[in-house]
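Letter 73 of the sequence shown, counting from 1, is numbered 73 in full-length UniProt numbering, and no numbers are missing.
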Amino acid sequence: MEFGVPTAQQLAEFFLAAQHPLTRRWVDDGARLALLAEQRSDDVLLATDVTVAASRARRFAPRQPAQALLNYWVAAAADLHAMMSIRYQGLDPAKPFVDATVLSRPFTADDMAALAQAAAKTYGTLQPRYLRLWSAAPASRFADTIPDKRFLAAPVTALRAGAGQPVPTGLGLAPASSLEHYTHARAAYDAMATKHPGHPEQAGIADLEDLQDNLANGTLFDVTIDDRWAGYLAVSTNGESLGMPAYIVEELVLATPFRGRGYGPYLTTLLARALPDATRILVGTIHANNQGARHAAERAGRRDIGGWIQLPLQRSQDSAESTPDHTDQR
């Protein structure tokens, strides 16, 4: 396996070993490995299917050969391999980065330089801005890195108990029947961007098409306050769940007039009570710098179980002109 692509099952085993110990008590390892293997199959596909790589090259880097867009199982050290993938933040071709979510063992601060060097060697021609790594450790553990999104989660059954105080009178949640208030939800994000210019880098409204899918699946909810529409909440059972059977929060937004009133923790409580399967885990990603949203989630009972960090990569003309050797890394 040193120079070959691991199987999805092997990647699942590596990733499970890196998970927060708390989550190992929430879900049986056997069931979790099965889900992780399914989720990690895309890594194998992107490492072996040149047709897919060619399609990605046409979309993001038309001057590059298909092989430049493949995933690679890269040796960063004698005892550390990483499944590296070129990604594009917000699907913007001008914002490439290298993802290394799955490693052969949990990384430490001492591994950072070697991982950065391996990422630059593998994808230097694409000029990636940073290397994204996943760890169950707190974001503050790693110096000289930039915070990214954190996973905050808890079993639905535990969240139904509430945030320690009764839900405020007048605050409610009900299945949505339409998306007539989407423009108001978008306006709330626009207002936040005006007030906090860095907010769009942390969170953005879900696409209308995605929310239409939520509506059709019965997983889009209207937040109401005194019988007035006040926001949207949406979940999905598909997406990055760290291998847990989960409801994944895809949208949580309050209209501008209702923000700043302390409703956040109670929305999680109401959502947990509205979801039909109490055996699932409620999982949502919140940017590490979005302290208000993080505190609201934690007050509701969700726990920080890990997240991504960004390790800046040096972007130079020399690296842009280099030709990484991919022949021994697949």
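Built from N, CA and C at the ideal position, the CB exists for glycine as well.
| query | result |
| --- | --- |
| Leaving out five residues on either side along the sequence, give the residues of the same chain with a beta carbon under 7 Å from the beta carbon of Arg280. | Val156, Pro245, Ala246 and Tyr247 |
| Under 9 Å, do Asp213 and Ser178 count as touching if we go by C-beta distance? | no |
| Let me know the secondary structure DSSP gives Phe14 once reduced to three states. | helix |
| Output yes or no for whether 9 Å exceeds the beta carbon distance between Pro175 and Ala274. | yes |
| Do Ala278 and Ala234 have their CB atoms nearer than 9 Å? | no |
| So, does the stretch 66-84 touch the stretch 3-15, judging by three or more C-beta pairs under 8 Å? | yes |
| According to DSSP, Phe60 sits in a beta bridge with which residue or residues? | None, per the DSSP bridge assignment. |
| Distance check for Trp26 and Met112, CA to CA, integer angstroms please. | 30 Å |
| Looking at the unbroken alpha helix (DSSP H) that takes in Met244, where does it start and where does it end? | Unbroken run through Met244: none, as it is neither H nor E. |
| Ignore the nearest five residues each way along the sequence and tell me which others in Leu11's own chain have a CB closer than 8 Å to its CB. | Leu36, Ala37, Arg40, Asp43, Val44, Met83 and Val102 |
| Under a three-way DSSP split, which group does residue 333 fall into? | The structure shown does not extend to residue 333, since the chain is modelled only from 1 through 330, so no value can be given for it. |
| Taking DSSP as the reference, what is the three-state secondary structure of Ser55? | helix |
| Could one say the Cβ of Arg294 lies closer than 9 Å to chain D's Cβ atoms, at least one of them? | The question asks about chain D, but that chain is absent: this structure has only one protein chain. |
| What number of angstroms, rounded off, separates the C-alpha of Val167 from the C-alpha of Gly262? | 11 Å |
| Let me make sure I understand the geometry here. Which of Thr125, Ala230, Ala77 and Ser55 has the alpha-carbon closest to that of Pro257? | Ala230 |
| What are the boundary residues of the beta strand (DSSP E) that includes Pro65? | Premise fails: Pro65 is in no beta strand (DSSP E) and is neither H nor E. |
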